[in-house]
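Asker:
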Amino acid sequence: MDVYEAIKKRRDVRSWFSDKHIDNNTLGRILKAGNYAPSVGLSQPWNYILIRDIETRKKIKAVVEEKRMDFYNSLPDEKKIKFQNIKIEGILESDLNMAVTCDVSRKGPDILGRATMPEMSEYSVVLSIENMWLAARAEGIGMGWISFIDPDMVKKILGIPESIKLVGYLAVGYLSEDHDIPELEEKKWEKRLDVSNFVYMDKWGEKPDPETIDKLKNSWI
């Protein structure tokens with residue numbers, strides 16, 4: 001699978017996990033892909049906590065369920081109906097969970113490129129997650145980023161020090177089936193817009209000429 005195909009077929013997965021186990025060689029390739037991500041000042045501020053223990057995952061799931069209900073209760077009635085049919089996590093169904101953290105102290109205080117934009121450390125961790133996501137997809141493995149969490153509670157469960165930031169909590173596993181479009185699009189919650197909706201030329205608000213827009217719409221995939 002080339003990189004463009006992996007990007008196109010990557011899904012934020014909560015459903016369709018199979019019971020196939022991820023072996024350590026495959027997992028190692030995915031982690032190494034994450035470690036090859038660009039990072040500000042080559043600081044590599046990430047750590048990856050691999051979570052197979054079911055009891056630990058049940059504790060995380062309980063946190064997620066609480067946040068899910070908070071969101072559900074905040075919705076208008078018409079959206080509550082749609083949301084009931086959307087799965088927001090695959091914590092117990094996936095082969096493993098992974099917490100990805102950011103350590104801004106890694107390699108000392110004088111990190112090249114971070115002085116004017118300290119948030120670059122967290123951006124670096126996000127790039128690492130995306131690298132792993134694409135590598136996982138190329139391996140036939142799905143990944144879901146679970147954002148219905150209380151980061152402080154999850155950090156406490158996992159014993160993450162206060163100085164370390166939790167950036168991502170992921171469900172990872174082989175898939176029983178592929179889907180051509182995201183689950184949120186299948187469930188009529190949201191749909192993907194074409195890239196031409198988001199492109200300006202030279203300055204904010206200035207759209208490219210119609211010929212350029214047409215080529216953007218019809219290129220690649």
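Everything in the sequence shown is counted per UniProt numbering, starting at 1 for the first residue and increasing by one.
C-beta atoms are modelled at their ideal positions from N, C-alpha and C, and glycine is treated no differently.
Remember, it's a predicted structure, so these values are computed and weren't measured experimentally.
#1: On the DSSP letters alone, give me the boundaries of the alpha helix (DSSP H) that W133 sits inside.
#2: How long is the line joining the alpha carbons of F148 and K82, rounded to whole angstroms?
#3: Beta-carbon separation of M120 and V63 under 8 Å?
#4: Within the continuous alpha helix (DSSP H) that includes T26, where are the two ends?
#5: Let me know the secondary structure DSSP gives I49 once reduced to three states.
#6: Grab the span of the beta strand (DSSP E) containing Y72 for me, first residue to last.
#7: Which one or two residues does DSSP pair with M98 in a beta bridge?
#8: Could you check if V40 is buried or exposed, using at least 16 other CB atoms within 10 Å of its CB as the buried criterion?
#9: Quick check on the DSSP output: the beta strand (DSSP E) that includes I141 runs from which residue to which?
Answerer: On the basis of the supplied data:
#1: Where W133 is concerned, the enclosing alpha helix (DSSP H) stretches over M120 to A138.
#2: F148 and K82: Cα-Cα distance of roughly 17 Å.
#3: Contact: no.
#4: Following the DSSP letters along the chain, one finds T26 inside the alpha helix (DSSP H) bounded by residues N24 to N35.
#5: Three-state DSSP puts I49 in a strand.
#6: Counted as a single uninterrupted DSSP element, the stretch harbouring Y72 is not any beta strand (DSSP E) but the alpha helix (DSSP H) occupying residues I54 to S74.
#7: Paired residues: L50 and L170.
#8: Buried, by the Cβ-count rule.
#9: It spans I141 to W145 - the beta strand (DSSP E) in which I141 sits, taken as one unbroken run.
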